[in-house]
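Notes for the one structure printed next.
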Amino acid sequence: MKCTVCRGPAVIDLRRHNSNFCVDHFLRFCRDQVRRTIDEFEMFAPTDRVLVAVSGGKDSLAIWDLLMELGYSVDGLYVGLGIGEYSDASGEHARRFASSRGATLIEVDLPGTYGYDIPTGARAARRAPCSACGLTKRHLFDAAAIDGGYDVLVTGHNLDDEAAVLFGNTIKWHTEYLARQAPVLPARAGFPRKVKPLVRLSEREMAAYCVLSRIDYIVDECPMAAGNRHLGYKEVLNDLEARSPGAKADFYFNFLRSAAGHFNAEDADSSGALRECERCGAPSSGEVCAFCRLVERAGGSQPVTLSPTRSSSPSRNGASS
Ligand code: SF4
Ligand code: ZN
Ligand code: ZN
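Take 452 as the starting number for the sequence shown in this note's numbering and just add one per residue.
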């Protein structure tokens, strides 16, 4: 197998691009895809202050690395979710990466600061773990970006993530979610600008990027992810991709091009009806925001002990780990 660009030995084949790449040209391909995505969707400018949400997994560490390689000023944000050994190990990976690159990592310890971990919060609030986790992360990411004066919040959602969420939202025709399924969500009162620069790159490509860039990421899945509906959607789409390379990218990018505009953004943007949470000041539809209600319900409840076989349901918006 030869590199399509230089004819040297290739290390990866990308069937949807009908290409093979050597190490150097694959890393360059990843940088080019991210640069193209940032430019095409006008995600941010070279002078903007960027905050990337990192989990210690391949996608978030890869996008942090790629953005620094492209010359952006990027700090990391890690939220310790208190999910047993998984959280201990994922925090270590995030810290090690930050120190290896001389980068700034902001840390928020959920149990230490807010008095609950995800398994306990989910049970107390009678939510699926990924739903409690998604709510928690959205609140803490938004707050960190706003309080830190960042211009934009980056998440490591890749093509597989976005295609799976789109698939789930489409088979259920969740039009309010479809209206918000874009790689850029503009800033609005109390919310930072949010962008997903990895949407042109797949999960497999991000794993390869990390291995070839010697990024030591956490390989283990979150123990709460078992049974997650989005994992099933990913399997269906992987079967389709194997039969028809490029199907995932067609599904997602043709949606953005041809269909996304038909869903009413006003359905998705309820900021007009929002007020400030009386406890934390975050945007809220009621007097107290959903995050503060979760903190209240989880506080003082009996901690949940994780078992290795535990399974969970997903959040509706496919909160990424
Ligand atoms: Fe949170 Fe992801 Fe784990 Fe679900 S799978 S609990 S969203 S870290
Ligand atoms: Zn090459
Ligand atoms: Zn609040």
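C-beta atoms are modelled at their ideal positions from N, C-alpha and C, and glycine is treated no differently. Every value quoted in this text rests on a predicted model; they were computed, and no experiment measured them.
Taking each of Thr555, Val603 and Asp611 in turn and checking the Cα distance to valine 687, the smallest one comes out for Asp611. Look at alanine 676: its beta carbon is less than 6 Å from one of the heavy atoms in ligand 1.
For leucine 502, the pairing in a beta bridge is given by DSSP as Asp526 and Leu604.
Taking the Cβ of valine 746 as the reference point, every heavy atom of ligand 2 lies at 6 Å or farther away. The alpha-carbon separation between alanine 724 and serine 736 amounts to approximately 6 Å. Rounded to the nearest angstrom, the Cβ distance from cysteine 481 to leucine 652 is 6 Å, consistent with a contact under 8 Å. Going by beta carbons, glycine 533 and proline 562 fall inside the 7 Å limit.
Of the other Cβ atoms in all chains shown, 16 or more fall within 10 Å of the Cβ of valine 646; this residue is therefore buried. Collapsing the DSSP output to three states places isoleucine 534 in coil.
Around the Cβ of threonine 587, a 10 Å sphere holds 16 or more other Cβ atoms; the residue is buried.
Between ligand 3 and cysteine 728, a heavy atom-to-CB distance of less than 6 Å is present. By alpha-carbon distance to lysine 685, the top candidate from Ser550, Pro734 and Leu617 is Leu617. From the listed residues Met452, Thr555 and Arg466, the smallest Cα separation to proline 460 is found for Met452. In terms of Cα proximity to alanine 733, the closest of Ile489, Phe592 and Gly553 is Phe592. With 16 or more other Cβ atoms from the protein chains shown falling within 10 Å of its own Cβ, aspartate 568 counts as buried.
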